[in-house]
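If you're matching positions, the sequence shown starts at 6 in this note's numbering and goes up one per residue.
Below: one structure, written as structure tokens.
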Amino acid sequence: CDEKKVENEYEFGDDGEGVNKKLRLILRDSHIAGDADAAYLDSEAVATLEPSLSTKCKGAVHIPGEIVVDPWLFPLAMATHSREIGEKAGLGDVIQTGREVVMEKSEFDKN
């Protein structure tokens, strides 16, 4: 890959905060990794696709098919779902994870 050509191909202008430079590098790295459909979205395109986002969003890199999972919420969602399935199946409020976890003693979902 010709680095000089890649640098010129991924110019979006300077936003004064380095955001566009970071997005340009993410896009370049995505293309190098084989994500040929990755594309830069300016603030208007982002607002069209995600109207609930802040208007302060300066741009984004869209990689079709890529999913980002919150590492904190995902296991909590899995535990909640497992608990619901266990209750529906009449297994009680217990999740088996190689160790028995008794939900009455858990504080993860109590307010």
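Ideal Cβ placement from N, Cα and C applies to all residues, glycine included.
Helix, strand or coil at residue i according to DSSP, with G and I counted as helix
{"i": "residue 34", "result": "helix"}
{"i": "residue 58", "result": "coil"}
{"i": "residue 24", "result": "helix"}
{"i": "residue 73", "result": "coil"}
{"i": "residue 43", "result": "coil"}
Residues near residue i in its chain [Cβ-Cβ closer than 6 Å; skip 5 each side]
{"i": "residue 42", "result": "69"}
{"i": "residue 44", "result": "67"}
Residues near residue i in its chain [Cβ-Cβ closer than 8 Å; skip 5 each side]
{"i": "residue 71", "result": "40"}
{"i": "residue 117", "result": "The question about residue 117 has no answer, for the chain in this structure spans 6 to 116."}
Residue i: first and last residue of the uninterrupted alpha helix (DSSP H) it sits in
{"i": "residue 78", "result": "78-93"}
For residue j and residue i, believed in contact at Cβ under 8 Å, the rounded distance
{"i": "residue 28", "j": "residue 65", "result": "7 Å"}
Beta-carbon proximity list for residue i, same chain, < 7 Å, skipping 5 on both sides
{"i": "residue 32", "result": "15, 43, 45 and 66"}
Opening and closing residue of the beta strand (DSSP E) in which residue i lies
{"i": "residue 64", "result": "64-67"}
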